[in-house]
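Counting in the numbering used here, the sequence shown runs from 2 upward without gaps. Yeah, the Cβ is synthetic: ideal placement off N, Cα and C, and Gly gets one too. The structure under discussion appears below in the form of structure tokens.
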Amino acid sequence: EVFGETAILAPEPRTTTVQARGAAVAYGMTCEELHKVLWRQYTEVRKDVIAALNDVMEGGRKCSLLRGITPHQSQCLYDRAIAQTYEPGKKLNDSMVHIVCRGSVAACSADGVELKHFEQYEVVGSAHIFDEESSEYFVAQERVQTLALTRGLLQDMFGDELHEVLLLCRLQVTLSRVKNFADKLDSEAIDKLARSANILEVPVDGSVESSAICLAICLCGEVDAAPFDGDQAILPQACSLSHLRNNTLATDVENMLMEPWSARFWWKPCGGHKSVARIAVYQPQDLQGNLKLRSLSNTDAGINSQASDYASRVKVVLSSAASSTDEVKDPTIQHKAEALRNVVVLQSLSMTHLERLPALL
């Protein structure tokens, strides 16, 4: 039997006295030595996970899913994430969410057609979290190392916000692949742009309408999109959108702020399972407020003066990660938030919590 476990919890003597009833041999070790043994054991068992997470978390958090997580969430990852290795051609475990640490992964249809590629630090395999019954699967293109996260781990990390966090992650990955954004915006700017999106939920067997759109991205499920008459230019073309197939709809990227359009989105069955579809849509003021007119500057190659004239007439709306309203924020609030990010003791706060502080200053 073991006694004296108080030494594991706190560096202090036992709170009770232990006395032998007869001849006995007991083995003991100091608190410091015990902690060293436990730490060596932990790091040996978890060394692959620790090395992978240290790489992913390095340099401002390279993975969009882990950007801005709290110390508690970080410790959950170090304790419970699973390092997995897949040889070329092997399917990834479809009951877990994967962060690609090494190599590349392809999303494939049921008949083996490659739909999309995912590179280092991107997240794949979250369909089961949304209860999506999809025939697509993920396969290693080369020798791949992933950090596998169970549903239980993710729920303990993000709680009721899990769906919103994964949708935001999907949106960040898609936006980072839009050439006009990838060439001009860093990861922090992409994050701000993703948080300003308007999320439409398309109910089962239903539809929704949206006007003056310049960009639409399907995040979950499948929809059919078609134009409807309105004051603006119509949708470029009727088409179907899904998360892994054709998920982005826009006019020419360089002119997306010049030619807004209106559309109706119809829910479409996905893998025989009925759940709502979700679409991120942007209106001109959403993009302009987040891009700070950078994509419409006269100094940017490929953008003509007509776009700049149009941009100057559009009201700049500053987006909020903590609010879904269209309220225009005081620019000083944004400046305060940016300053707070540089305070060391506040860097562990999530983005949502951080943006609540400026109003108190």
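{"Query": "H244 burial status per 10 Å Cβ neighbour count (16 or more: buried)", "Result": "buried"}
{"Query": "Cutoff 6 Å; reference F159; Cβ partners in own chain excluding five residues on either side", "Result": "V166"}
{"Query": "Reduced DSSP secondary structure (H/G/I, E/B, other) of A21", "Result": "coil"}
{"Query": "Boundaries of the beta strand (DSSP E) in which I199 is found, first to last residue", "Result": "The residue you asked about is not Ile; residue 199 is Asn in the sequence shown. Taken as a continuous stretch (DSSP letters only), the beta strand (DSSP E) holding N199 covers 199-203."}
{"Query": "Cα-Cα separation between L168 and N247, rounded to whole angstroms", "Result": "16 Å"}
{"Query": "Three-state secondary structure (DSSP) of R314", "Result": "Confidence at R314 is low in this model, with a pLDDT of 31, below 50, so the placement of that residue should be treated as unreliable; the coordinate-derived value is given next. Three-state result, R314: helix."}
{"Query": "Within 8 Å, strictly: CB atoms of C109 and Y87", "Result": "no"}
{"Query": "The region 49-63 contacting the region 21-37, beta-carbon criterion three pairs below 8 Å", "Result": "no"}
{"Query": "Nearest-angstrom Cα separation, counted from A251 out to I214", "Result": "8 Å"}
{"Query": "Beta bridge counterpart(s) of Q146 as assigned by DSSP", "Result": "T86, R103"}
{"Query": "Backbone CA spacing between W40 and R47 [nearest angstrom]", "Result": "10 Å"}
{"Query": "Unbroken beta strand (DSSP E) run spanning K117, endpoints", "Result": "115-119"}
{"Query": "Where R41 falls: helix, strand or coil (DSSP)", "Result": "helix"}
{"Query": "Helix, strand or coil at Y28 according to DSSP, with G and I counted as helix", "Result": "coil"}
{"Query": "Contact check, W262 vs P285, beta carbons under 8 Å", "Result": "no"}
{"Query": "Other residues of its chain near D206: CB distance less than 7 Å, five sequence neighbours each side excluded", "Result": "W268"}
{"Query": "Beta-carbon proximity of V125 to F119, cut-off 8 Å", "Result": "yes"}
{"Query": "Cβ neighbours of T175 in the same chain (closer than 7 Å, five flanking residues each side left out)", "Result": "I218, N248, T249"}
{"Query": "Boundaries of the alpha helix (DSSP H) in which C170 is found, first to last residue", "Result": "163-177"}
{"Query": "Inter-residue Cα distance where the pair is D80 and D192", "Result": "27 Å"}
{"Query": "P228 (DSSP reduced to helix, strand or coil)", "Result": "strand"}
{"Query": "Selected residue, minimal CA-CA separation from E143, among L154, Q121, L10", "Result": "Q121"}
{"Query": "Contact set for P204: own chain, Cβ-Cβ below 8 Å, skip 5 residues either direction", "Result": "W268, V277"}
{"Query": "Start-to-end residues for the beta strand (DSSP E) that takes in V50", "Result": "That residue, V50, is in no beta strand (DSSP E); its alpha helix (DSSP H) goes 48-58."}
{"Query": "Contact set for C170: own chain, Cβ-Cβ below 7 Å, skip 5 residues either direction", "Result": "S65, L66, V124"}
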